[in-house]
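Below is one structure, written out as structure tokens, with a few remarks after it.
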Amino acid sequence: MLKRTPLFAAHQRAGGKLIEFGGWEMPVQYSTITDEHLCVRRAAGIFDISHMGEVIVRGPVAAAFLNATLTNDVRKLVVGLGQYTLMCNEQGGVIDDLYAYRLGAEEYLLIINASRIEADVAWLEQRLAGVAQRAEVSLTNMSDVSAAVAIQGPKTPGLVDQLFPGASSGGTVVARPSELKKNEIAQFAFAGQGVCVARTGYSGEDGFEVVAPASLIEAVWEAALKLGHPFCLQPCGLGARDTLRTEAGFPLYGHELDENTTPIEAGVGFFVALDKGEFVGRAVLAEQKANGTKKKLVAFKMTEKAPPPRPHYPIWAGGSAVGAVVSGTQSPSLNNGIGMGYVPPECAVIGGKIEIEIRGRRFAAEVVKKPIYKKA
Amino acid sequence: MSTQVPADLKYAKSHEWLRVAGDVGTVGITDHAQHELTDIVFVELPAVGRKVKAGEACAVVESVKTASDIYAPVSGEVIEVNKPAADDPSLVNSAPFAGGWFFKLKLANPAEAGALLTPEAYKAQIGG
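So the sequences go chain by chain: A and B. One point on numbering: in my numbering, the residue at position 290 of the first sequence is 290, and numbering is uninterrupted. Here my numbering runs 376 ahead of the position in the second sequence, where the first position is 1.
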């Protein structure tokens with residue numbers, strides 16, 4: 001039985017086409033992927049991301065515990081600030097990529113991938129069992145009682161100010177949500193209850209993510225659609241979420257990232273703080289940062305008329321198969337095939353010529369800088 | 377916006393249509409299929425001269441999300457392909473029964489068309 005988010009009925013009302021995604025029944029699109037994608041680039045879109053997991057880590061040694069478990073340095077977080085970070089195994093392989101927000105002096109919110117909730121919580125609990133001051137840190141999996149939406153696009157600041165009018169009551173101190181800066185988070189009132197609003201997203205556009213009690217999210221969704229009318233807000237599905245993040249060059253767990261791939265190989269070494277002291281996977285990641293890796297993630301664009309690249313298609317360079325595509329699509333913004341894939345480091349050169357094998361034929365492509373699409 | 381199922385065509389369960397004129401059959405995908413696929417971004421057509429059997433995968437249509445095989449509804453030899461649809465795949469969305477056709481077959485066995493679905497049977501299949 002597929003899991004459903006608290007917005008399932010809302011998706012049906014909005015005409016969403018529902019598909020299976022990581023054990024969840026989720027909307028892939030309401031109108032078309034291209035239409036929703038372009039709406040987010042030009043105006044505003046709202047996505048159900050309630051399938052994602054929320055974990056609260058609290059206590060005097062919460063920061064020390066997280067710093068020994070995650071790759072980025074949580075000591076950089078003041079209250080009301082978040083960071084992208086990764087959780088690795090001892091081999092440096094990625095268990096999950098996530099956002100860590102500091103909600104209070106000794107309270108952190110982790111936003112984790114839907115497909116990784118069980119693996120992450122099991123890993124965190126196992127790590128927790130080894131903490132000397134075990135009583136000084138607690139872990140609460142809020143995934144079943146929390147829900148979330150992403151509101152993305154250049155017109156969203158005006159919309160969130162109407163959706164959550166007034167000053168914040170926790171986190172970053174602001175007079176209105178649009179005063180939040182990138183990666184800042186704060187609590188606002190909605191229908192007499194508290195919701196968390198963070199200025200972040202997965203689309204490559206300005207935008208916000210809203211985490212709310214599961215019982216409240218449908219009211220947030222409906223209010224956003226109603227107030228969003230003058231902002232040209234559309235409900236958007238996982239299809240557009242995927243094309244938007246691919247254009248932005250953001251990794252998706254299960255594609256760019258898995259337990260056999262390190263953050264260094266995936267090109268997210270910026271979020272690995274080797275200088276913060278010991279953490280899981282550090283030895284391998286330090287060695288790779290110093291001496292390089294056997295594979296590297298590259299972004300690419302097709303340079304001739306070709307079918308859209310797709311995951312698992314072979315990548316060729318210099319007459320031999322050197323790697324494989326992990327994400328690929330027809331870019332709605334560029335109207336051109338784009339993707340990401342793993343190749344040996346000598347092929348990971350911006351401007352380098354590669355070929356993508358599609359149904360037995362090879363088509364010309366070029367390694368490009370991320371983001372693959374950037375507004376002029 | 378109801379789905380079109382023209383009365384003068386035959387249909388395959390896999391959502392292709394066939395228009396027979398003499399010993400030539402024109403093949404495309406249905407309005408229902410293009411609506412389900414949405415945003416067609418690539419069409420790969422068979423080589424002219426290729427002999428195909430009924431049910432054989434011989435073309436590919438790609439949306440943003442997926443690639444789907446197109447099957448020959450009947451056996452025959454490919455005698456013409458719709459290059460304008462390969463150049464502008466959105467024709468398959470906008471005119472699935474007209475400018476968005478895929479290929480023409482010289483029918484090997486015109487009686488095969490009789491085994492295809494009638495418009496009524498196809499409508500029933502797609503719940504229209």
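Note that CB positions come from ideal geometry on N, CA and C, so glycine has one too. Predicted, not measured: the structure shown is a model, and the values here were computed from it.
Of Val78(A), Gly80(A), Gly104(A), Leu70(A), the smallest CA-CA separation from Cys88(A) is found for Leu70(A). Exposed is the label assigned to Arg13(A), since fewer than 16 other Cβ atoms lie within 10 Å of its Cβ. Shown here, Tyr447(B) sits in a strand according to DSSP, grouped into three states. Here Arg282(A) carries a helix assignment [DSSP, helix/strand/coil]. Residue environment for Met302(A): buried (at least 16 other C-beta atoms within 10 angstroms of its C-beta). Chain-ordered, the chain A residues with CB closer than 8 Å to the CB of Ala443(B) read Pro307, Pro308, Arg310. Residue contact check for Ser470(B) against chain A: no CB pair falls below 9 Å.
When C-beta distances to chain A are compared with 8 Å, the residues of the segment 404-415 of chain B below that value are Thr414, Asp415, in chain order.
Listed as beta-bridge partners of Trp316(A) by DSSP are Ala321(A), Glu355(A). DSSP, read as helix, strand or coil, puts Ile33(A) in helix. In the assembly as shown, Ala122(A) is an exposed residue. Its beta-carbon has fewer than 16 other beta-carbons within 10 Å. Listed in chain order, the non-local C-beta contacts of His255(A) below 7 Å within the same chain comprise Pro311, Val326, Ser327, local neighbours out to five positions each way being set aside.
Contact between the segment 24-42 of chain A and the segment 124-134 of chain A is absent: fewer than 3 CB-CB pairs across the two stretches fall below 8 Å.
A Cβ-Cβ contact shorter than 9 Å links Glu107(A) with Ile56(A). Apart from the 5 residues on each side of it in sequence, Pro165(A) sits with its Cβ closer than 8 Å to the Cβ of Arg176 in its chain, given in chain order. Annotated three-state conformation of Ser168(A) is coil, per DSSP. Under the Cβ criterion of 9 Å, Val349(A) is not counted among the residues facing chain B. If you draw a straight line from the Cα of Leu216(A) to the Cα of Ser50(A), it is about 12 Å long.
Assigned with DSSP and collapsed to three states, Trp221(A) falls in helix. Between Asp399(B) and Lys482(B), the C-beta spacing is below 9 Å. Thr442(B) places its beta carbon 9 Å or farther from that of Leu467(B).
A Cβ of chain B is located within less than 9 Å of the beta carbon of Pro332(A). Comparing C-alpha distances from Val211(A) to each of Leu285(A), Leu124(A), Ile111(A) shows the shortest one belongs to Ile111(A). Every beta strand (DSSP E) stretch that sits fully inside the segment 134-200 of chain A and reaches 3 residues is listed by chain position as 138-141, 146-152, 185-190, 193-198.
Phe479(B): member of the beta strand (DSSP E) spanning 479-483, first to last residue. By the neighbour-count criterion, in which 16 or more other beta carbons inside 10 Å mark a residue as buried, His391(B) falls on the buried side.
Taking the Cα positions, Ala397(B) is about 21 Å away from Glu432(B). Leu103(A): member of the beta strand (DSSP E) spanning 94-104, first to last residue.
According to the DSSP secondary-structure assignment, Leu66(A) is paired through a beta bridge with no residue. Contact check for Ala423(B) and Val454(B): beta-carbon distance about 7 Å, within the 8 Å limit, so the pair qualifies.
Cβ contact annotation for Cys232(A) (same chain, cutoff 6 Å, sequence separation greater than five): Ala43, in chain order. Only those residues of the segment 24-42 of chain A whose C-beta falls short of 9 Å from the nearest C-beta of chain B are listed: Val28, Gln29, Ser31, Thr32, Ile33, Thr34, Asp35, His37. Gln410(B) is classed as buried because its beta carbon has at least 16 other beta carbons within 10 Å across all chains shown. Per DSSP, the continuous beta strand (DSSP E) segment holding Glu54(A) begins and ends at 53-58. Between Lys289(A) and Leu274(A) the beta-carbon gap is near 6 Å, inside 8 Å, which marks them as a contact. Ranked by how close their Cα comes to the Cα of Gly339(A), the residues Asp407(B), Val440(B), Ala383(B) have Val440(B) in first place.
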